[in-house]
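Asks: Numbering (the working numbering), first residue to last: 44 to 355. C-beta: ideal position from N, C-alpha, C; glycine also.
#1: In chain order, which beta strand (DSSP E) runs of at least 3 residues are fully inside the region 190 to 238?
#2: If you draw a straight line from the C-alpha of residue 97 to the C-alpha of residue 59, how long is it?
#3: Would you call the CB atoms of residue 170 and residue 139 closer than 7 Å?
#4: Cα separation between residue 374 and residue 93?
#5: Take residue 302 as the anchor and find which of 319, 288, 295 and 284 has the nearest alpha-carbon.
#6: By the DSSP assignment, the beta strand (DSSP E) with residue 5 in it spans what residues?
#7: Using a Cβ-Cβ cutoff of less than 6 Å, which residues in the same chain neighbour residue 260 once the five nearest sequence positions on both sides are dropped?
#8: Would you kindly report the start and end of the unbroken alpha helix (DSSP H) that includes residue 144?
#9: What first and last residue would you give for the alpha helix (DSSP H) that runs through residue 289?
#10: Roughly how many angstroms lie between the CA atoms of residue 296 and residue 135, to the nearest whole one?
#11: Should residue 131 go down as buried or exposed, given a rule of 16 or more other Cβ atoms within 10 Å for buried?
#12: Check for me: the alpha helix (DSSP H) holding residue 272 runs from which residue to which?
#13: Let's test the definition: count the other Cβ atoms within 10 Å of the Cβ of residue 207 and tell me whether it reaches 16, buried, or not, exposed.
#14: Return the Cβ separation of residue 333 and residue 159 in integer angstroms, given the expectation that the two are a contact with Cβ distance under 8 Å.
#15: Give a yes or no on whether the C-beta atoms belonging to residue 344 and residue 224 are separated by under 7 Å.
#16: Going by C-alpha to C-alpha distance, which of 100, 73, 107 and 185 sits closest to residue 86?
#17: So, helix, strand or coil for residue 184, using DSSP?
#18: Mind reading off the beta-carbon distance from residue 310 to residue 205? Whole number of angstroms is fine, and I expect it under 8 Å.
#19: Where does residue 99 sit, in a helix, a strand or coil, going by DSSP?
#20: If you draw a straight line from the alpha carbon of residue 118 to that of residue 54, how long is it in whole angstroms?
#21: Which residue from 44, 189 and 99 puts its Cα closest to that of residue 352?
#22: Nearest CA to the CA of residue 281: which residue from 176, 215 and 74?
#23: Measuring only the C-alpha atoms, how far is residue 115 from residue 219?
#24: Would residue 234 be called buried (16 or more neighbouring beta carbons within 10 Å of its own) or exposed?
This is how it looks when you write it as structure tokens:
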């Protein structure tokens with residue numbers, strides 16, 4: 044049994060196709076098939092049911108894949124140990140960022156990080172929290188930046204900052220004349236929300252539900268982007284809530300629509316998250332160091348109350 048064979052098994056399990064798996068592994072399909080067949084012969088079991096289209100794992104195959112993933116991840120630790128011993132911060136690093144954080148945070152830290160750590164090759168993807176968790180567990184992401192806590196025993200979290208919620212209330216709305224907003228003022232029936240699947244949406248719903256006996260999941264309008272929510276709000280279709288960093292780019296003519304909450308300000312916890320196996324920690328710590336240093340100058344709120352991003 045070899046690490047390479049296990050790596051091939053994981054590729055087939057992911058792609059459910061031998062040809063696609065071979066392409067991902069940069070080997071010929073006969074080579075990949077032969078190595079998997081050798082492993083099955085050695086173990087005297089069938090890992091894959093080849094009669095199914097697409098190919099499926101057998102019951103024992105599912106257990107083997109889970110163990111293979113652990114072994115392959117642990118094999119990467121050897122190079123990781125060497126890199127840390129040498130103080131080397133470099134190589135490919137796959138980072139996921141959720142959509143409501145990507146457009147504001149990434150421009151703030153990317154240039155500084157690249158300048159400070161030029162040997163790191165960042166591969167950044169915008170992904171939902173659900174996609175991020177799956178990819179971290181499957182070994183397809185090294186880390187991610189997301190709203191926490193996630194309460195997943197396989198995922199570790201390092202808090203980067205707390206980002207307050209800010210109300211965006213257009214002229215003519217019942218709350219527009221309020222200097223400050225209380226969370227008890229919120230009514231989901233006149234609030235514009237992001238589409239289902241965004242953890243910021245779930246945070247807003249959790250905030251509303253905390254002060255209401257019942258909140259119907261029926262809304263006037265939902266959108267895929269915060270920028271669209273602002274435009275819809277300007278048209279008089281309702282108020283919305285924004286993450287604080289998004290308010291820094293608001294047009295000067297729209298700042299009059301920003302209303303801050305009374306203390307304690309509701310906020311989301313933003314963390315860098317990674318697998319409990321703790322691979323590539325030197326790069327994770329470097330990211331944490333750069334981001335924390337930059338964000339301290341942007342967010343000065345102290346008295347905050349963390350709102351869970353988990354749907355309830």
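Replies: To lay it out plainly:
#1: 198 to 211
#2: 6 Å
#3: yes
#4: A query on residue 374 cannot be resolved here, the shown segment of the chain reaching from 44 to 355 and no further.
#5: 284
#6: Any property of residue 5 remains undetermined from this structure, which presents the chain solely from 44 to 355.
#7: Any reading at residue 260 must be qualified, since the residue scores a pLDDT of 49, below 50, and its modelled position is unreliable; no value is offered.
#8: Residue 144: not part of any alpha helix (DSSP H); DSSP gives it neither H nor E.
#9: 287 to 290
#10: 42 Å
#11: Its Cβ having fewer than 16 others within 10 Å, residue 131 is exposed.
#12: 269 to 277
#13: buried
#14: 6 Å
#15: no
#16: 107
#17: coil
#18: 5 Å
#19: strand
#20: 16 Å
#21: 189
#22: 215
#23: 56 Å
#24: buried
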